Amino acid sequence: MRQTSSPAWLVFLIAVAVIFGAYYVWQGFRSYLQTGGLGIAEATERAEIIATATANSVQNLPAVTQRSVPTFTPIPACKEFVVSVPSAIVRESASTSAPIVTSWSQGTRVCMIDRAPGNTEWYLVDGNPQTRRIEFAYMHESVIEAVEPTLTPSRTPTPLSTVTPVPTLTPSRTPTPQPTATINPRSTATPSLTPSRTPTDTPTPTTSFRSA
10 MRQTSSPAWL VFLIAVAVIF GAYYVWQGFR SYLQTGGLGI AEATERAEII ATATANSVQN
70 LPAVTQRSVP TFTPIPACKE FVVSVPSAIV RESASTSAPI VTSWSQGTRV CMIDRAPGNT
130 EWYLVDGNPQ TRRIEFAYMH ESVIEAVEPT LTPSRTPTPL STVTPVPTLT PSRTPTPQPT
190 ATINPRSTAT PSLTPSRTPT DTPTPTTSFR SA
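In terms of this note's numbering, the sequence shown is residues 10 to 221.
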């Protein structure tokens, strides 16, 4: 009896089915390993629980307080001074009774930083210029002087303002008004009598009658 071979398309379909089957089996195995043998719903619940616990732990962490970084005030640049006496004493503070740090001879260069705080008769200087750091010390103003002294500006007098004379007006002679007679309202005015002309009787002529 002759055996017939399977069609090529059938072999192709079987091969595709085997490949897809192996792929899905592998995906399922990976999911099993990732979830620890739990189902989809159980794995989802477990993921939610882990996420909630992580969020709570983050919220419970203590707040980190930012610490302010201290700012340093820059030290003024040195001003060149020189010792003006045969021997100048350098002290630890601005006082003649303060301990002595060292002494410098005349002509020694001094790094003067500024006036001593609260005491204008003393200078704040670098007690050890050979080092890179500044070692604060104090020297009295009578033992050192500036290499290049600053000129003190003189006071310029302010010119006085010029007064402009104001022309004066010559007063003209004003005539003095004559006083006017004032009538006393209490006095009664006396009327003046005007003489009237009295008529004179004119004589009437008399006609004489003669009898016949």
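For each residue, glycine too, the CB sits at the ideal point set by N, CA and C.
Values in this document were obtained by computation on a predicted structure and should not be read as measured data.
Self-check item: Own chain residues within Cβ distance below 6 Å of Thr161, not counting five before or after
Solution: Interpretation of Thr161 is limited by its pLDDT of 45, a score under 50 that renders its predicted location unreliable; no figure is taken from the coordinates.
Exercise. Closer than 6 Å by C-beta to Asn128: which residues in its own chain qualify, once you throw out the five before and the five after it? Chain order, please.
Key: Within the same chain, Asn128 has close Cβ partners Ala103.
Exercise. Please name the residue in Cys120, Val92 and Val152 whose C-alpha comes closest to that of Phe145.
Key: When only C-alpha atoms are compared, the closest one is Cys120.
Quiz item: What three-state label does DSSP hand Ser40 in the structure shown?
Solution: Helix at Ser40.
Self-check item: Local conformation of Ala86 per DSSP, three classes
Solution: Residue state, collapsed to three classes: coil.
Exercise. Identify whether Pro162 lies in helix, strand or coil by the three-state DSSP scheme.
Key: Bear in mind that a pLDDT of 46 at Pro162, under 50, signals an unreliable position, so the number given afterwards is only what the model happens to contain. Coil at Pro162, not helix or strand.
Exercise. Report all residues from its chain with a CB closer than 6 Å to the CB of Val152; omit the five preceding and five following residues, and keep chain order.
Key: Sequence-distant partners of Val152 (beyond 5 residues in either direction) whose C-beta falls short of 6 Å from its own C-beta, in its chain, are Val94 and Ala97.
Quiz item: Who does Leu133 pair with in a DSSP beta bridge?
Solution: In the DSSP output, where bridge partners are listed per residue, Leu133 has Asp123 and Tyr147.
Self-check item: Cα-Cα separation, Phe29 to Leu22
Solution: For Phe29 and Leu22, the distance between alpha carbons rounds to 11 Å.
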